[in-house]
Amino acid sequence: MVKIMNNSEPIYNYGRCHVCGEMMEEKQIKQDFRIKGKLVVIEDVPAGVCPQCGEKVVKADVGRQIAALLENPDRLRKARTMKVPVIRFAKEVA
Ligand SMILES: [Zn+2]
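Residue numbers (the numbering used here): 17 to 110.
Shown next, in the form of structure tokens:
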């Protein structure tokens, strides 16, 4: 079964990058957020990504959805966790 796209909403056009002017491409990205000092990562976020400079934009409704996910304590409680390396800033000695 192929899902038929609603014609009223074609593939979203993210337009051009506001930083470098390259055409944005739709990608599923991982985006990190900081909620009360805790790092939270949301996977598979549909976003426009600039192939040139890496600038990212999300649609307004995606942004609202992200906010709703982050405010849902159930989601956070049931979420997988991953280890993140934390490095103290120091002068690298070669
Ligand atoms: Zn760009």
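C-beta: ideal position from N, C-alpha, C; glycine also.
{"Check": "Have a look at the DSSP bridge pairing and note the partners of Q68.", "Outcome": "According to DSSP, Q68 bridges with nothing at all."}
{"Check": "Cα-Cα, which of L55, V109 and C69 is closest to V102?", "Outcome": "L55"}
{"Check": "Can you tell me where the beta strand (DSSP E) holding E108 begins and where it ends?", "Outcome": "Taken as a continuous stretch (DSSP letters only), E108 belongs to no beta strand (DSSP E), as it is neither H nor E."}
{"Check": "Pick out whichever of V61, Q68 and C33 has its Cα sitting closest to the Cα of D77.", "Outcome": "V61"}
{"Check": "In this structure, does DSSP put C93 in helix, strand or coil?", "Outcome": "According to the sequence as given, residue 93 is Arg; it is not Cys. In the structure shown, R93 sits in a helix (DSSP, three-state: H, G or I)."}
{"Check": "Between R32, E42, G31 and D48, which has its C-alpha nearest L85's C-alpha?", "Outcome": "D48"}
{"Check": "Give the single residue among M98, R50 and Y30 whose Cα lies nearest to the Cα of A83.", "Outcome": "R50"}
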